[in-house]
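Input: a single structure, listed below in C-alpha cells.
Residue numbers (full-length UniProt numbering): 1 to 433.
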C-alpha cells in the first residue's frame, strides 16, 4: 500500500499510513524510503532512514541502494560518503547492485575519480556497471574517457545495450565528437542490430546541431523513419537559437508549438528567443498560448549540501535564516564581478519591467543564492557543488565563471543535462551546453 501510494505521488498519504502501522519491518521502511526518493523527496527519505537506524531495525542491501540513489539525486556527497561507510561496516561491499549505486552516487556528486575507484574495485561487473561509468563520463563532458570505457567494455566481452549507446552518444554530443558519434550510431545499428529509439535520434540531432551543422541536423530529421517528438525538436531549437539562426529558430519553433508540448521548456525557449529580438508581442503570444494550454513554468530551484544538510533556494528566495548575509555578500560580489567585465545579461528577463528591476531579478537567481551561501559557509579555497533542477541560465553561467576567478574557488554546477566545472574563470563545457 505504501509503495502504491508513492507511485501515485501521494507521499503524504503514504507517510500517514506508515506512521499508523503498529509493526514496521525492513520491507515497510524500504517501501517508504524508496517511494520518497521516487518523488524527489530525498531529504525526507534520509530523515526516515535515520529514524530506521534509531529504531534498531537492521538495514539490508535494498535499503542501501535506495538511500545511495537519493544521495546521488541530491548530489549529497557528505551523506553519500557516510552511506559508503555503512556499506563497508555492514559487509555489503560485494553486492553488485550496491557497487553500481556507489559508482552512480560519486559520479552524480561530481567526483568521477571516486566513481572510477568504485568501478575498478567491483569484484565483477555488469552491463549496468559499464553503462553507469560511461554515463558519468558523459555528464562531465569527458567524451574521450567515455569512448575509451566503451572500447574496454567491448574488449572484455560485454555486449552494450540501448542505454549504453545512449550514454556514448550523449558523451559525444557534450564533447563535440561528431565523427565518433556517427561511428557509434552506425555501430549500434549495423553491428549490434539495435533499432534506434527516439532518444538516440535526439542525441544525434543534438550532436550535429550543437556543433553548428544545422542543415545536416535538419536533413537527419527529415530522413528519420519516425516523426520527431517535442523533445527532439526542443533540442534542435536550442541550438538554432544558440547559433543565432533566426529563420530556422522561427520555423522549428512553429513546428514545435504545433505538437502542443506539455512541458514548459519549449515555450520558455521561444519566449526567450523573442525577448532577445525585442519582439515583446512574440513573447506575449507564447505566454498566451501557455495559459490557453494550461502550461505552467516549472519552478527553478538550486540546492547545496553543507555539513550533510541540504539547503534549497528558489529565485528571489528570502526564506533562508541567513538571507540578509547572502544578499549582502552577493551585492559586494557583483561589484567585484563588474570590475572583471561582468555585465548582467538582462535579455534573460523577459518581463517588461525597468532595467534596474531586471538586475534585481538576476541577482536573486537560485544559482547565485546557493553559491553565495556556499561561499560564506565554507573555508576559503574549498570546492563548492550546487545542483539545479533546470538548465543553468546564461547570466548565471557567466557570473559563476567570474566568481570562480575572483574567489579562487572550484565551483561545480550540475544542471538537468550535465556538469559545469568552473575554475580560474573557465568552464569545462566551453560555454556551450
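All residues carry an ideal CB built from backbone N, CA and C; glycine is no exception. Nothing here was measured: the structure is a model prediction, and the numbers come from that model.
(request) Return the CA-CA distance between residue 426 and residue 4, expressed in angstroms with no decimal places. (result) For the purposes of this step, residue 426 is identified with residue 426 of the chain shown, where counting begins at 1. For the purposes of this step, residue 4 is identified with residue 4 of the chain shown, where counting begins at 1. If I take the Cα positions, the gap works out to 46 Å.
(request) Spatial neighbours of residue 139 within its chain, please: CB distance less than 6 Å, with the 5 preceding and 5 following residues excluded, ordered by chain position. (result) Numbered from 1 along the chain shown, position 139 holds the residue referred to as residue 139. Counting only Cβ-Cβ distances below 6 Å, and skipping sequence neighbours, we find 418, 419.
(request) Assign residue 416 to buried or exposed, taking buried as 16 or more other Cβ atoms, counted over all protein chains shown, within 10 Å of its Cβ. (result) By one-based count along the chain shown, residue 416 stands at place 416. Looking at its Cβ environment, which holds fewer than 16 other Cβ atoms inside 10 Å, residue 416 is exposed.
(message) If you reduce the DSSP assignment to three classes, tell me which class residue 421 lands in.
(response) Here residue 421 refers to the residue found at position 421 when the chain shown is read from its first residue. Strand.
(request) Would you kindly report the start and end of the unbroken beta strand (DSSP E) that includes residue 306? (result) By 1-based counting over the chain shown, the position of residue 306 is 306. Residues 301 to 306.
(message) Would residue 347 and residue 276 qualify as a contact pair, given that the criterion is a beta-carbon distance under 8 Å?
(response) Here residue 347 corresponds to residue number 347 of the chain shown, with the count starting at 1. Here residue 276 corresponds to residue number 276 of the chain shown, with the count starting at 1. In contact: residue 347 and residue 276 (Cβ atoms closer than 8 Å).
(message) Could you compute how far the alpha carbon of residue 283 sits from the alpha carbon of residue 269?
(response) Residue numbering aside, residue 283 sits at position 283 when the chain shown is read from its first letter. Residue numbering aside, residue 269 sits at position 269 when the chain shown is read from its first letter. When rounded, the distance between both Cα atoms is 10 Å.
(message) Suppose you measure from the CA of residue 358 to the CA of residue 76; what does that come to, to the nearest Å?
(response) In the chain shown, the residue the question calls residue 358 occupies position 358. In the chain shown, the residue the question calls residue 76 occupies position 76. Rounded to whole angstroms, residue 358 to residue 76 spans 32 Å at the Cα level.
(request) Report the option in 397, 390, 381 whose CA atom is closest to the CA atom of residue 363. (result) Taking the first residue of the chain shown as position 1, residue 363 is located at position 363. For residue 363, the nearest C-alpha among the options comes from 397.
(message) Pop quiz: residue 214 and residue 174 are said to be a contact at Cβ under 8 Å. What is the actual Cβ separation, rounded to whole angstroms?
(response) Taking the first residue of the chain shown as position 1, residue 214 is located at position 214. Taking the first residue of the chain shown as position 1, residue 174 is located at position 174. Rounded, the Cβ-Cβ distance is 18 Å, inconsistent with contact.
(request) Evaluate residue 321 with the Cβ neighbour count: other Cβ atoms within 10 Å of its Cβ, from every protein chain shown; 16 or more gives buried, anything less gives exposed. (result) As a working mapping, residue 321 is identified with position 321 in the chain shown. Counting Cβ neighbours within 10 Å, residue 321 comes out exposed, since fewer than 16 surround it.
(request) Return the chain-ordered list of same chain residues with a C-beta closer than 7 Å to the C-beta of residue 104, the five sequence neighbours on each side being excluded. (result) Walking along the chain shown from the start, residue 104 turns up at place 104. Same-chain partners within the cutoff: 72, 132.
(request) Would you mind reading off the limits of the beta strand (DSSP E) that contains residue 311? (result) One-based indexing of the chain shown puts residue 311 at position 311. From DSSP, the beta strand (DSSP E) with residue 311 extends over 309 to 314.
(message) Quick check on residue 385: buried or exposed, where buried means 16 or more other Cβ atoms within 10 Å of its Cβ?
(response) In the chain shown, residue 385 corresponds to position 385, counting from 1. Residue 385 should be labelled buried.
(request) For residue 370, decide whether its Cβ has a neighbour in chain C, counting only Cβ atoms nearer than 8 Å. (result) The structure shown has no chain C; it contains just one protein chain.
(request) Let me know if residue 299 comes out buried or exposed under the rule of 16 or more other beta-carbons within 10 Å of its beta-carbon. (result) Taking the first residue of the chain shown as position 1, residue 299 is located at position 299. Result: exposed.
(message) Distance check for residue 330 and residue 88, CA to CA, integer angstroms please.
(response) As a first step, residue 88 is located in the chain shown; it is residue number 88 there, counting from the start. As a first step, residue 330 is located in the chain shown; it is residue number 330 there, counting from the start. Answer to the nearest angstrom: the Cα atoms are 41 Å apart.
(message) Only counting the same chain, and skipping five residues up and downstream in sequence, which positions put a Cβ closer than 8 Å to that of residue 108?
(response) Within the chain shown, numbered from 1, the residue matching residue 108 stands at position 108. Taken in chain order, the residues that qualify are 72, 73, 75, 136, 139, 414.
(message) Going by the DSSP bridge assignment, what does residue 75 pair with across the sheet?
(response) Reading the chain shown from its first residue, position 75 is the one you call residue 75. BP columns for residue 75 are empty, so no partner.
(request) In the DSSP assignment, find the beta strand (DSSP E) that holds residue 246 and state where it starts and stops. (result) Looking up residue 246 in the chain shown gives position 246. Premise fails: residue 246 lies in the alpha helix (DSSP H), 246 to 258, not in any beta strand (DSSP E).
(request) Would you mind listing the alpha helix (DSSP H) stretches within the UniProt repeat "PPR" (126 to 160) that are 4+ residues and don't spill past its ends, in chain order? (result) 127 to 139, 143 to 155
(message) Can you give me the C-alpha to C-alpha distance between residue 291 and residue 150, rounded to a whole angstrom?
(response) The residue given as residue 291 occupies position 291 in the chain shown. The residue given as residue 150 occupies position 150 in the chain shown. So the two alpha carbons sit approximately 45 Å from each other.
(message) For a test of the three-state rule: what should DSSP assign to residue 348, helix, strand or coil?
(response) As a position in the chain shown, residue 348 is number 348, starting the count at 1. Reduced to three states, the DSSP call for residue 348 is helix.
(message) Suppose contacts are defined by Cβ-Cβ distances below 8 Å. Is residue 16 in contact with residue 6 by that definition?
(response) As a working mapping, residue 16 is identified with position 16 in the chain shown. As a working mapping, residue 6 is identified with position 6 in the chain shown. No, the Cβ-Cβ distance between residue 16 and residue 6 is not below 8 Å.
(message) Using a 10 Å radius around the Cβ and a threshold of 16 neighbouring Cβ atoms, would you call residue 144 buried or exposed?
(response) Along the chain shown, one-based indexing puts residue 144 at 144. Residue 144 should be labelled exposed.
(message) For residue 296, tell me which candidate among 279, 264, 312, 196 has the shortest Cα-Cα distance.
(response) Indexing the chain shown from 1 puts residue 296 at position 296. With distances taken between Cα atoms, residue 296 lies closest to 264.
(message) Run through the DSSP bridge pairs and tell me what residue 164 is partnered with.
(response) Counted from its first residue, the chain shown places residue 164 at position 164. DSSP output for residue 164 lists no bridge partner at all.
(message) Per the DSSP calculation, residue 385 is bridged to which residue(s)?
(response) Along the chain shown, read from residue 1 onward, the residue named residue 385 stands at position 385. Note: residue 385 sits in a beta bridge opposite 412.
(request) For residue 85, count neighbouring Cβ atoms within 10 angstroms of its own Cβ and tell me buried if that reaches 16, exposed if not. (result) For the purposes of this step, residue 85 is identified with residue 85 of the chain shown, where counting begins at 1. Residue 85 is exposed by the Cβ-count criterion.
(message) Nearest by alpha-carbon distance to residue 162: which of 199, 120, 148, 181 is it?
(response) Taking the first residue of the chain shown as position 1, residue 162 is located at position 162. Among 199, 120, 148, 181, the Cα nearest to that of residue 162 belongs to 199.
(request) Could you please give the first and the last residue of the uninterrupted alpha helix (DSSP H) stretch that includes residue 332? (result) Within the chain shown, numbered from 1, the residue matching residue 332 stands at position 332. Counting along the chain, the alpha helix (DSSP H) containing residue 332 begins and ends at 323 to 339.
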